[in-house]
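Trainee: Below: one structure in structure tokens.
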Amino acid sequence: MEQITLRRLAAPVLLAWLSGGAVMAEGPAPEVRAPQAENPSRVLLVGNSYLYYSDSLHNHVRRMVMADDDAAADRLQYKSATIGGARLRDHDIDRLTTPGAIGVAEPFELVMLQGHSGAALSEKNQQVYRDAVVAANEVIRDRGGHVAIYMPHAYVAPHKSASPENTGTNDAFYTGIGNELDALVVPVGLAFEEAYRRRPEMALQQHYDGSHPTLLGSYLAAATVYATLYGANPVGNDYDYFGNIGAEDAAFLQEVARDTVAAYQSR
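According to mature numbering (1 follows the signal peptide of the UniProt record, and there is no 0), the residues represented by the sequence shown are -24 to -1, 1 to 243, in order.
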């Protein structure tokens, strides 16, 4: 496979220190600290409305990869399978990852799995997610692919389940799942928390539900996914959603993504 040339994340502790912030340095340590699939071209994202809001997360991540490598467009095969309000168990992972079933002839190199936004918030929901992700992991790995676990952002007001403890709960749960499955964890929830810490006024979630991402929230999630899946430094990436994201906001969100991934992987 041809290699995609990317700016790499380097010296994680130094990067976090240079940002001048306390970037989620505490918490459970992930055992997988680097991409398992090198520069993946065939990528599937599985989830719900958290992924498809704001022109779909897979589109933003793919465009970030292409912004760093003009030739990548000819290689990248990104697919997204989403169901509104769905839990991971609602997806037919066997069919989705069957070569050729959804328009990608060869097996996916990487599949990122996103569960229900409240999957970590009760023992019952945790068990439902765990059963589904363990089964999905087996199918994906049997076909030669790698799994990435999506750690979602926490609810904020006016959502009825908003709580300052939810980010920590998500962190512990998804990091534990990643360690159990030997899978890379994408710390999107920690990136949201860090962005709010630095700029509390920034609207990353919809004002009407305190749950779904705004365009800026989806951009931050994409930068975090990009940094995690590719081991890339998103700072300086010129993708701005065709001029719809201001330069200052894009730079800020890229820095937050870089610092969060670096700090998380250096715990």
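Yeah, the Cβ is synthetic: ideal placement off N, Cα and C, and Gly gets one too.
Just so we're clear, the structure is a prediction, and the values are computed from it rather than from any experiment.
For L86, which beta-bridge partners are listed by DSSP?
Mentor: Counting from one through the sequence shown, the residue named residue 86 turns up at place 110. DSSP output for L86 lists V19, H122 as bridge partner(s).
Trainee: Could you name the residues that DSSP lists as bridge partners for Q53?
Mentor: Mapped onto the sequence shown, residue 53 falls at position 77. DSSP lists R18 as partners of Q53.
Trainee: Buried or exposed for Y240, going by 16 or more other Cβ atoms inside 10 Å?
Mentor: Reading the sequence shown from its first residue, position 264 is the one you call residue 240. Answer is buried; the Cβ neighbour count reaches 16.
Trainee: Using the rule of at least 16 other Cβ atoms within 10 Å of the residue's Cβ for burial, across every protein chain shown, is V110 buried or exposed?
Mentor: The residue labelled residue 110 in the question sits at position 134 within the sequence shown. By the neighbour-count rule (16 or more Cβ atoms within 10 Å), V110 is not buried but exposed.
Trainee: In the structure shown, what three-state DSSP assignment does V161 receive?
Mentor: On the sequence shown, residue 161 is found 185 positions in, with the first residue counted as 1. In the structure shown, V161 sits in a strand (DSSP, three-state: E or B).
Trainee: Assuming H129 contacts D185 (C-beta within less than 8 angstroms), just tell me the rounded distance between them.
Mentor: Residue mapping note: residue 129 aligns to position 153 of the sequence shown, counting from 1. Residue mapping note: residue 185 aligns to position 209 of the sequence shown, counting from 1. No, H129 and D185 are not in contact; Cβ-Cβ is about 13 angstroms, not under 8 angstroms.
Trainee: Is L(-7) buried or exposed, if buried means 16 or more other CB atoms sit within 10 Å of its CB?
Mentor: Position 18 of the sequence shown, counting from 1, holds the residue named residue -7. Legend: pLDDT at L(-7) = 45, less than 50; position of this residue unreliable, value from coordinates given subsequently. It counts as exposed.
Trainee: So what does DSSP say about A138, is it helix, strand or coil?
Mentor: Translated into positions along the sequence shown, residue 138 becomes position 162. Coil, per DSSP.
Trainee: For E213, which residues from the same chain have a beta carbon less than 7 angstroms from its beta carbon, with the 5 sequence-adjacent residues on both sides left out?
Mentor: Counting from one through the sequence shown, the residue named residue 213 turns up at place 237. Before going on, a small fix: residue 213 reads as Asn here, not Glu. The residues are M40, A43, D44, Q230.
Trainee: Count Cβ pairs between the segment 175 to 183 and the segment 202 to 211 that sit closer than 8 angstroms; are there 3 or more?
Mentor: Too few Cβ pairs lie closer than 8 angstroms, so no.
Trainee: Below 7 angstroms between beta carbons: does that hold for I78 and K55?
Mentor: Your numbering for residue 78 matches position 102 in the sequence shown. Your numbering for residue 55 matches position 79 in the sequence shown. Against a cut-off of 7 angstroms, the Cβ pair of K55 and I78 comes out as a contact.
Trainee: With which residues is Q181 paired in a DSSP beta bridge?
Mentor: Locating residue 181 in the sequence shown gives position 205, where the first residue counts as 1. DSSP output for Q181 lists P189 as bridge partner(s).
Trainee: So, with DSSP's three-state summary, where would you put T58?
Mentor: Against the sequence shown, residue 58 aligns to sequence position 82. Of the three classes helix, strand and coil, the one that applies to T58 here is strand, per DSSP.
Trainee: Is T73 closer than 7 angstroms to N24 when the C-beta atoms are compared?
Mentor: Stepping through the sequence shown from its first residue, residue 24 is reached at position 48. Stepping through the sequence shown from its first residue, residue 73 is reached at position 97. Taking 7 angstroms as the Cβ cut-off, N24 and T73 do not qualify as a contacting pair.
Trainee: What would DSSP say about residue 246, mapped onto helix, strand or coil?
Mentor: No answer is possible for residue 246: it lies beyond the span of the chain, which begins at -24 and ends at 243.
Trainee: At which residues does the alpha helix (DSSP H) containing D235 begin and terminate?
Mentor: Here residue 235 refers to the residue found at position 259 when the sequence shown is read from its first residue. Segment 223 to 241, the alpha helix (DSSP H) holding D235.
Trainee: Whole angstroms is fine: what's the gap from Y150's alpha carbon to L52's?
Mentor: As a position in the sequence shown, residue 150 is number 174, starting the count at 1. As a position in the sequence shown, residue 52 is number 76, starting the count at 1. Roughly 27 angstroms between the two C-alpha positions.
Trainee: Could you check how far apart the C-beta atoms of A96 and N155 are, in whole angstroms? I think they sit under 8 angstroms.
Mentor: Within the sequence shown, residue 96 is the residue found at index 120, counting from 1. Within the sequence shown, residue 155 is the residue found at index 179, counting from 1. A96 to N155, Cβ: 15 angstroms. No contact.
Trainee: Go ahead and pull the three-state DSSP assignment for A112.
Mentor: For the purposes of this step, residue 112 is identified with residue 136 of the sequence shown, where counting begins at 1. Residue state, collapsed to three classes: helix.
Trainee: S137: buried (16+ other C-beta within 10 angstroms of its C-beta) or exposed?
Mentor: As a working note, residue 137 is residue 161 in the sequence shown. S137 is exposed by the Cβ-count criterion.
Trainee: What's the C-alpha gap between F84 and Q12?
Mentor: Locating residue 84 in the sequence shown gives position 108, where the first residue counts as 1. Locating residue 12 in the sequence shown gives position 36, where the first residue counts as 1. When rounded, the distance between both Cα atoms is 13 angstroms.
Trainee: Compute the distance between the beta-carbons of V87 and G120, then report whether it is under 7 angstroms.
Mentor: Numbered from its first residue, the sequence shown carries residue 87 at position 111. Numbered from its first residue, the sequence shown carries residue 120 at position 144. In this structure, G120 does not lie closer than 7 angstroms to V87 by Cβ.
Trainee: So, under 8 angstroms CB-CB, P189 and A199 are touching, yes? Tell me the CB distance rounded to an integer number of Å.
Mentor: Here residue 189 is taken as the residue at index 213 of the sequence shown, counted from 1. Here residue 199 is taken as the residue at index 223 of the sequence shown, counted from 1. Contact flag wrong, Cβ pair sits at about 12 angstroms.
Trainee: With 16 other CB atoms within 10 Å as the buried threshold, where does Q103 fall?
Mentor: As a first step, residue 103 must be located in the sequence shown, where it is residue number 127. Q103 is exposed by the Cβ-count criterion.
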